[in-house]
Amino acid sequence: MIQRKFIGFSFSLFLACSSLFSNTHYTNDIELGAVGYNLTRTKTGGTKQKGLLTGLIVNYDRIKRNSFYLGADAYWAKGDMHGHSGSGRILKSIITDIEAEGRVGFTIRSKGEKKPFFTPFVGYGYFRETNQFKAPYPMTITYNDSFDYYAVGFVSGINVCKDFSVGINVKWKWMNEGTCKISNEPIDDYTDPSTANPELIIESQWQYTIEMPLDFHPKKWSKRCWLNLVPFYEYRHFGGRENFPSDYIDTQERILGARLTFLFRF
1 MIQRKFIGFS FSLFLACSSL FSNTHYTNDI ELGAVGYNLT RTKTGGTKQK
51 GLLTGLIVNY DRIKRNSFYL GADAYWAKGD MHGHSGSGRI LKSIITDIEA
101 EGRVGFTIRS KGEKKPFFTP FVGYGYFRET NQFKAPYPMT ITYNDSFDYY
151 AVGFVSGINV CKDFSVGINV KWKWMNEGTC KISNEPIDDY TDPSTANPEL
201 IIESQWQYTI EMPLDFHPKK WSKRCWLNLV PFYEYRHFGG RENFPSDYID
251 TQERILGARL TFLFRF
């Protein structure tokens, strides 16, 4: 199942990597580093959780003046969440986020080192979030929210000087076929086994991300090697929907974080 979800990303990554050797004048950025973010998760009815997630990220961008754009990225992050239910019950859980995405577009840029560039794109990706509850919550249930999505947005930037550049990236995502699989649900004499551990449908909603990439070139480093700091804000919406044997409760997530990566440019 997971392999099928990653087909779009893998194909885009293959196209991106194959372009590395097709023209020496292309600008290719490969990044590898750490990501961390504060996640606030709220549900209709008063349930609220907060926590810090940390993990790893890999990213690729091909940006060349007045030429086609290719991009791909994937990340994994995990952290402890704390909060309370709508009735005031203390909640503790471990959340794991996994996401992979491929993008295609076109870069518009005038001649000149300090001229800004603007790259609109469309993309396709896969997201999965696992929320595993633990004591003191009476039931160690695990919720697995996952969906494919379509993306549209832009990346942009300008070279402020030869050793520093800044940009603004904006992306909107539309959820496609979202589901929530419940596992580890306890079964007792009063539980119908046919309705235990159900798969619920999530109502599709828009989500968005805003980033501000800051690229630094340390003076003693090779011209191809940079540091990339990217503060970002992300909003996720998992729409509530009637299901059987239980409904999926409308859920919203607000994220504030940053990633720090080593960037190799060629």
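Residue numbering for the sequence shown follows this note's numbering, starting at 1 and increasing by one per position.
Note that the Cβ used here is the ideal one computed from N, Cα and C, for glycine as well.
These figures come from a predicted structure and were not determined experimentally.
- Secondary structure at N28: strand, using DSSP grouped into helix, strand and coil.
- About 7 Å separates the beta carbons of I202 and D145, which is inside the 8 Å limit, making them a contact pair.
- Take A34, set aside five residues on each side of it, and the residues of its chain with a beta-carbon closer than 8 Å to its own are T54, G55, L56, I57, R259, L260 and T261, in chain order.
- Under the criterion of beta carbons closer than 8 Å, I63 and T107 qualify as touching, at roughly 5 Å.
- Taken atom to atom, the span from the alpha-carbon of W221 to that of A72 is near 26 Å.
- Note that the C-beta distance between P213 and G167 is below 8 Å.
- At a cut-off of 3 residues, the continuous stretches assigned as beta strand (DSSP E) that sit fully inside the segment 101-140 are 117-134.
- Excluding sequence positions up to five before and after S156, its CB lies within less than 6 Å of the CB of F118, G167 and I168, all in the same chain and listed in chain order.
- Remark: C-beta atoms of V122 and V152 approach each other more closely than 8 Å.
- In the three-state reduction of the DSSP assignment, G86 falls in the coil class, being assigned neither a helical nor a strand state.
- Under the DSSP assignment, M175 falls in the beta strand (DSSP E) whose first and last residues are N169 to S183.
- Just so you know, the alpha carbons of S246 and I30 end up roughly 44 Å apart.
- Secondary structure at G46: coil, using DSSP grouped into helix, strand and coil.
- Non-local beta-carbon contacts of L91 in its own chain, meaning distances under 8 Å to residues more than five positions away in sequence, involve T47, Q49, M81, H82, G83, H84, S85, F133 and Y137 in chain order.
- With contacts defined by Cβ atoms closer than 8 Å, Y143 and C180 form a contacting pair.
- Looking from the CA of R109, the closest CA among E99, A100 and P120 belongs to P120.
- Taking the CA atoms as reference points, Y126 sits about 32 Å from R89.
- A straight line joining the alpha-carbon of C225 with that of F164 spans about 12 Å.
- Y150 counts as exposed, since fewer than 16 other beta carbons sit within 10 angstroms of its beta carbon.
- In the structure shown, I249 adopts coil according to DSSP, grouped into three states.
- The criterion of a C-beta distance shorter than 8 Å is not satisfied by D215 and N197.
- When only Cα atoms are considered, A135 and N184 end up about 14 Å apart.
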